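**Q** Using this note's numbering, read the sequence shown as starting at 1 and increasing by one per residue.
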Amino acid sequence: MRRALLIAVALLVLIAAAVPVFAKVTSSGILSRVKTVESSVKDLRADMVITEANKKNVSGMGEGYGDILRLQKAVISYKSPNLIRYDGYAEGIKAAYIQNGYNKLILAAMIRQKENVKNAPGKRQDSLDLGFLNSDLWKDNHVTVVSTGKNGVVKLNFDPKFGGTDKRHDYVWVDSKTLKLVKREKYRGNGEMRLRTVYSSYQTIGGKLPIATMATLYDGGGRELGSIKYKNVKANTGLSNALFSMNQR
Numbered sequence: 001m002r003r004a005l006l007i008a009v010a011l012l013v014l015i016a017a018a019v020p021v022f023a024k025v026t027s028s029g030i031l032s033r034v035k036t037v038e039s040s041v042k043d044l045r046a047d048m049v050i051t052e053a054n055k056k057n058v059s060g061m062g063e064g065y066g067d068i069l070r071l072q073k074a075v076i077s078y079k080s081p082n083l084i085r086y087d088g089y090a091e092g093i094k095a096a097y098i099q100n101g102y103n104k105l106i107l108a109a110m111i112r113q114k115e116n117v118k119n120a121p122g123k124r125q126d127s128l129d130l131g132f133l134n135s136d137l138w139k140d141n142h143v144t145v146v147s148t149g150k151n152g153v154v155k156l157n158f159d160p161k162f163g164g165t166d167k168r169h170d171y172v173w174v175d176s177k178t179l180k181l182v183k184r185e186k187y188r189g190n191g192e193m194r195l196r197t198v199y200s201s202y203q204t205i206g207g208k209l210p211i212a213t214m215a216t217l218y219d220g221g222g223r224e225l226g227s228i229k230y231k232n233v234k235a236n237t238g239l240s241n242a243l244f245s246m247n248q249r
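Take a look at the structure:
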């Protein structure tokens, strides 16, 4: 009896030793790692090819996403920490979408539309729209861990710090081992899902920062809106701040 008990205890010890022990994933821990990997990328530029699945579905996405998905192709420019620009053509008309911090500027033909979107998070673009994490996301959101899967994928809740106290938020799934984005769900102020993005085809830029070069977008009902693919991704090209100026015409 005693021998059988000792054997059972020994087996339990061996099983416990064989099971990997994962450190608890925290929001601050992920932020610390993001700051480390993002330091290698000052800016990036890439060609963006958009495949639109359904014009009717896209028209209900609201400002920002509808405009960008209507571009047939574009060049994206990003400069750390929060300068974003899209240059492309929509139905043969040259258009530019520029975001400098909380200010947004849209230029197209005879259109020049400038807006402060600090209190309108649904109208803002961020690094998640470009396929990677950056520390600026923590500046604009209260970020908490919702759950962690056995595969190491962590579900994060991004609750905007600005723009009211409604139910607007994002759920973002991140591979905690690699910091690759897996999936994102955007929710409206009434709690309804607005957009789901599924990321794939990863590339490492600056030697450290993982970026998803393919994103497939779906509306809240699961209907595909289109896909976005990045080609010729280049980091640290020396982009000028003037490229993101709000004084352009």
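We put the beta carbon where it would ideally sit given N, CA and C, even for glycine. Keep in mind the model is a prediction, meaning the values are calculated, not measured.
#1: Between the Cα of residue 95 and those of 179, 190, 226, 85, spot the shortest distance and give me the residue it belongs to.
#2: Can you tell me the Cα-Cα spacing of residue 60 and residue 197, whole angstroms?
#3: Give the secondary structure of residue 21 by DSSP, where H, G and I count as helix, E and B as strand, and everything else as coil.
#4: Taking Cβ positions, are residue 151 and residue 167 nearer each other than 9 Å?
#5: Please determine, among 192, 204, 159, 163, the residue with the shortest C-alpha to C-alpha distance to residue 180.
#6: Would you kindly work out how many angstroms separate the C-alpha atoms of residue 20 and residue 209, rounded to a whole number?
#7: Have a look at the DSSP bridge pairing and note the partners of residue 74.
#8: Excluding the 5 residues preceding and the 5 following residue 246 in the sequence, name in chain order all residues of the same chain whose CB lies nearer than 8 Å to its CB.
#9: Bridge partners of residue 210, per DSSP?
#10: Looking only at DSSP bridge pairs, what is residue 103 linked to?
#11: For residue 158, does the three-state DSSP call read helix, strand or coil?
#12: What span of residues does the beta strand (DSSP E) with residue 144 cover, start to end?
#13: Less than 9 Å separating the beta-carbons of residue 188 and residue 128?
#14: Would you mind sorting residue 211 into buried or exposed? The rule is 16 or more other CB atoms within 10 Å of its CB.
#15: Taking the alpha carbon of residue 81 as the point to measure from, which residue in 148, 109, 139, 89 has its own alpha carbon closest?
#16: For residue 238, count the other beta carbons within 10 Å of its own beta carbon; 16 or more makes it buried, fewer makes it exposed. Which is it?
#17: Tell me the DSSP secondary structure of residue 28 in three-state form.
#18: Is it buried or exposed, residue 38, if we count other Cβ atoms within 10 angstroms and call 16 or more buried?
#19: Assuming residue 225 is part of the alpha helix (DSSP H), what are its boundary residues?
#20: Pick from 173, 109, 141, 186: whose alpha carbon is nearest that of residue 199?
#21: For residue 79, write down the residues that DSSP places opposite it in a beta bridge.
#22: From which residue to which residue does the beta strand (DSSP E) around residue 181 run?
**A** The relevant details are as follows:
#1: If you compare the alpha carbons of 179, 190, 226, 85 with that of residue 95, the shortest gap goes to 85.
#2: With a pLDDT of only 45 at residue 60, under the threshold of 50, the placement of this residue in the model should not be trusted; the figure read from the coordinates follows. Near 16 Å, if we compare the C-alpha coordinates of residue 197 and residue 60.
#3: Unreliable placement is indicated for residue 21, whose pLDDT of 45 sits below 50; the coordinate value is still reported in the next sentence. It is coil, neither helix nor strand.
#4: Remark: C-beta atoms of residue 151 and residue 167 do not approach each other more closely than 9 Å.
#5: Closest option to residue 180, Cα to Cα, is 204.
#6: Any reading at residue 20 needs caution, since the residue's pLDDT is 47, under 50, leaving its predicted position unreliable; the model's value is listed next. Residue 20 and residue 209: Cα-Cα distance of roughly 26 Å.
#7: Answer by DSSP bridge pairing, in chain order: 48, 88.
#8: Taken in chain order, the residues that qualify are 98, 100, 103, 105, 114.
#9: Residue 210 is bridged to 204.
#10: 100, 116.
#11: Here residue 158 sits in strand by DSSP.
#12: 141 to 148 is the extent of the beta strand (DSSP E) around residue 144.
#13: Taking 9 Å as the Cβ cut-off, residue 188 and residue 128 do not qualify as a contacting pair.
#14: Residue 211 should be labelled buried.
#15: Ranking 148, 109, 139, 89 by Cα distance to residue 81 puts 139 first.
#16: Result: exposed.
#17: In the structure shown, residue 28 sits in a helix (DSSP, three-state: H, G or I).
#18: Answer is buried; the Cβ neighbour count reaches 16.
#19: For residue 225, there is no enclosing alpha helix (DSSP H); the residue is part of the beta strand (DSSP E) that begins and ends at 224 to 235.
#20: Measuring from the Cα of residue 199, the nearest candidate turns out to be 173.
#21: The partner list for residue 79 (beta bridge, DSSP) reads 43, 83.
#22: Residue 181 -> beta strand (DSSP E) spans 181 to 187.
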